[in-house]
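Student:
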Amino acid sequence: MLKIGITGGIGSGKSTVCRIFELLGIPVYYADAMAKEIMNRDPELKAQIKQHFGEDIYDSQGLLDRQRLGGIVFRDQARLQLLNSLVHPATIRDSEQWAARQQAPYVLKEAALLFESEAFHYLDKVIGVSAPQPLRLLRVMQRDQASREEVLARMHKQMDETIKMRLCDYVIYNDEQQMVIPQVLALHEKLTH
1 MLKIGITGGI
11 GSGKSTVCRI
21 FELLGIPVYY
31 ADAMAKEIMN
41 RDPELKAQIK
51 QHFGEDIYDS
61 QGLLDRQRLG
71 GIVFRDQARL
81 QLLNSLVHPA
91 TIRDSEQWAA
101 RQQAPYVLKE
111 AALLFESEAF
121 HYLDKVIGVS
131 APQPLRLLRV
141 MQRDQASREE
151 VLARMHKQMD
161 ETIKMRLCDY
171 VIYNDEQQMV
181 IPQVLALHEK
191 LTH
């Protein structure tokens, strides 16, 4: 079974594209959402996070205080890199186990940081979802009720969109100029044959 990554900058429309693939019967592993879950359920990862960020980073029910952790890592690039170095391998392991349980011609792993986390090494191909920055900015501002400055700050922490798309094997354009569904159907056809 093929393991295909799907990535793109914030606001590019990765989730929309993934939902279309799901309608075609393709299982999708949402790495960002699963990473949050894994930080609460993986005993080894929890121990590592406690070791580096303090025992009280988890509450009395054993759940991660995400707001507190975010306050620590988003002000300190070295601490963010440390957290990512702990979480990314655990998420890659979990996605590998998940993929082995699926019954489909291929599976998708959706992740904003597919290249940055080195997770692409565990995949057969990578799909990029591309949209122009002004459109991505508007989408995220509306979706997250965030200011232009907040969204731009988040965008600047991600890999440059042009570089990211060059690293992908396939690109789906979600620019409101080209229809997305025909692009997904053509790619699905290619991946199943």
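In terms of the UniProt record's numbering, the numbers along the sequence shown are unbroken and rise by one, the last being 193.
C-beta atoms are modelled at their ideal positions from N, C-alpha and C, and glycine is treated no differently.
Assign Q81 to buried or exposed, taking buried as 16 or more other Cβ atoms, counted over all protein chains shown, within 10 Å of its Cβ.
Tutor: Here residue 81 is taken as the residue at index 81 of the sequence shown, counted from 1. It is exposed - the Cβ of Q81 has fewer than 16 other Cβ atoms within 10 Å.
Student: Comparing C-alpha positions only, which one of Q142, S147, D160 sits nearest to L114?
Tutor: Along the sequence shown, read from residue 1 onward, the residue named residue 114 stands at position 114. Answer by Cα proximity: D160.
Student: Thinking just about the alpha-carbon of each residue, which of Y58, K125, L135, Q145 is nearest to the one in V171?
Tutor: Counting from one through the sequence shown, the residue named residue 171 turns up at place 171. It is K125 whose Cα lies nearest to the Cα of V171.
Student: Any chance you could list the alpha helix (DSSP H) runs of at least 4 consecutive residues sitting entirely within the stretch 63-144, in chain order?
Tutor: Correct list: 66-73, 77-100, 133-144.
Student: Just list the residues that DSSP pairs V28 with in beta bridges.
Tutor: In the sequence shown, residue 28 corresponds to position 28, counting from 1. In DSSP, V28 forms a bridge with L108.
Student: What are the start and end residues of the alpha helix (DSSP H) that includes I163?
Tutor: As a first step, residue 163 is located in the sequence shown; it is residue number 163 there, counting from the start. Looking at the DSSP string, the run of the alpha helix (DSSP H) that includes I163 is 161-167.
Student: Just curious, the alpha helix (DSSP H) that I181 is in, first and last residue?
Tutor: By 1-based counting over the sequence shown, the position of residue 181 is 181. Note, I181: alpha helix (DSSP H), 180-192.
Student: For I49, report the span of its beta strand (DSSP E) as first-last.
Tutor: As a working mapping, residue 49 is identified with position 49 in the sequence shown. No beta strand (DSSP E) contains I49, which is instead part of the alpha helix (DSSP H) from 43-53.
Student: Checking 9 Å against the spacing of the C-beta atoms, do G11 and R139 come in under that value?
Tutor: Numbered from its first residue, the sequence shown carries residue 11 at position 11. Numbered from its first residue, the sequence shown carries residue 139 at position 139. Cβ distance < 9 Å, so G11 and R139 count as in contact.
Student: Am I right that V129 and N174 are in contact with their C-beta atoms under 8 Å? What's the rounded C-beta distance?
Tutor: Taking the first residue of the sequence shown as 1, we reach residue 129 at position 129. Taking the first residue of the sequence shown as 1, we reach residue 174 at position 174. At roughly 6 Å, the Cβ-Cβ gap stays under 8 Å, so V129 and N174 are in contact.
Student: Excluding sequence positions up to five away, which residues of its chain have a Cβ less than 7 Å from the Cβ of L123?
Tutor: Locating residue 123 in the sequence shown gives position 123, where the first residue counts as 1. Counting only Cβ-Cβ distances below 7 Å, and skipping sequence neighbours, we find K3, I4, G5, K109.
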